[in-house]
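Here is the structure we will look at, set down as structure tokens.
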């Protein structure tokens, strides 16, 4: 008994084109790949003197389950009441994730090259642990040591860059 099988011809070029991606699918990216990057920028100058904490910049990112987030930031802070290099000219910089502190940086006020103001160009970075899927808010806060005349974003903006990284 003879069995005859017929099969449609395969267009090999068409099949290869189906495998060629303009973008690599999320599931095919190797660990360590940057999936997305977002940037927050704050150009609004904020001046205060009551010693309260202020937010320099805030940004949201929505991530896949298991991803890490690399945070890089720069905050421009000025103490406009400096008359001498003293401990009270310093402040604390906090990195927040969803409202909770995840890093604390201290910027000293002991050195000054100007007798009328002190400019802090504070920068930092942080890598989170693996996150669950969802939207996360990261922000940079500045808390002065003493109630003096402070200015955020004086002449320069504060920024935050968030990168989702596959684990």
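Residue numbers (this note's numbering): 1438 to 1604.
Positions of the beta carbon are idealized from the N, C-alpha and C atoms, including for glycine.
Assignment of residue 1591 by DSSP, reduced to helix, strand and coil, places it in the coil class.
Proximity to residue 1576 across 1463, 1560, 1493 peaks at 1493, based on C-alpha coordinates.
For residue 1496, the enclosing beta strand (DSSP E) stretches over residues 1491-1500.
With contacts defined by Cβ atoms closer than 8 angstroms, residue 1601 and residue 1471 form a contacting pair. DSSP lists 1511 as the beta-bridge partner residues of residue 1560.
Residue burial is scored here from C-beta neighbours: residue 1479 has at least 16 other C-beta atoms within 10 angstroms and is therefore classed as buried.
When DSSP assignments are scanned along the segment 1462-1487, the uninterrupted stretches of beta strand (DSSP E) that are 3 or more residues long and fall wholly within it turn out to be 1471-1479, 1483-1485. Taking 8 angstroms as the cut-off, the beta carbon of residue 1477 is found no closer than this to the beta carbon of residue 1590.
Between residue 1582 and residue 1496, the C-beta spacing is not below 8 angstroms. Look at residue 1445 here: in three-state DSSP terms it is coil, with no helix or strand label. One alpha carbon belongs to residue 1603, the other to residue 1534, and they sit about 19 angstroms apart.
For the pair residue 1564 and residue 1475, the CB atoms are not nearer than the 8 angstroms cut-off. For residue 1517, no beta strand (DSSP E) segment is defined, and its DSSP state is neither H nor E.
Nearest Cα to residue 1566 within the set 1462, 1442, 1464, 1469: 1469.
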